[in-house]
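Asker: This is the structure I want to talk about, given as structure tokens.
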Amino acid sequence: MSTPRTIIDKIWDNHVVVDEPGSPAVLYIDLHLIHEVTSPQAFSGLRERGLTVHRPSQTIATMDHSIPTTPI
């Protein structure tokens with residue numbers, strides 16, 4: 002009988018690219034979730050380095066941190 006595995010174990014194992022002892026594992030990230038608080042700085046950093054988002058179709062943006070408390 003195999004050892005039971007959690008959903009996290011299964012997802013992790015399916016995304017490991019490199020896993021060497023003594024080093025952090027390298028994982029394939031297949032979906033990027035971004036939000037309005039720190040994403041502008043990340044995009045500025047990409048622009049400054051002349052880089053673009055590798056897979057825009059795999060990037061989902063949400064506005065979930067800045068909600069006004071007074072009527073607009």
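To convert a position in the sequence shown, counted from 1, into my numbering, add 1.
Each residue gets a CB set at the ideal place from its N, CA and C atoms; glycine is no exception.
If contact is defined by three or more beta carbon pairs under 8 Å, each pair taking one atom from either stretch, is the segment 30 to 39 in contact with the segment 54 to 71?
Answerer: Because the criterion of three Cβ pairs below 8 Å is met, the segment 54 to 71 and the segment 30 to 39 touch.
Asker: Where Leu28 and Ile9 are concerned, what is the direct C-alpha to C-alpha distance, given to the nearest angstrom?
Answerer: If you number the sequence shown from 1, residue 28 lands on position 27. If you number the sequence shown from 1, residue 9 lands on position 8. Whole-angstrom Cα-Cα distance: 13 Å.
Asker: Helix, strand or coil, according to DSSP, for Ala26 in the structure here?
Answerer: Position 25 of the sequence shown, counted from the start, is the residue given in the question as residue 26. Three-state DSSP puts Ala26 in coil, outside helix and strand.
Asker: Quickly, what does DSSP pair Ala62 with across the bridge? List them, please.
Answerer: As a first step, residue 62 is located in the sequence shown; it is residue number 61 there, counting from the start. Note: Ala62 sits in a beta bridge opposite Ile35.
Asker: In angstroms, rounded to a whole number, what distance separates the CA positions of Ser67 and Ser45?
Answerer: Against the sequence shown, residue 67 aligns to sequence position 66. Against the sequence shown, residue 45 aligns to sequence position 44. When rounded, the distance between both Cα atoms is 20 Å.
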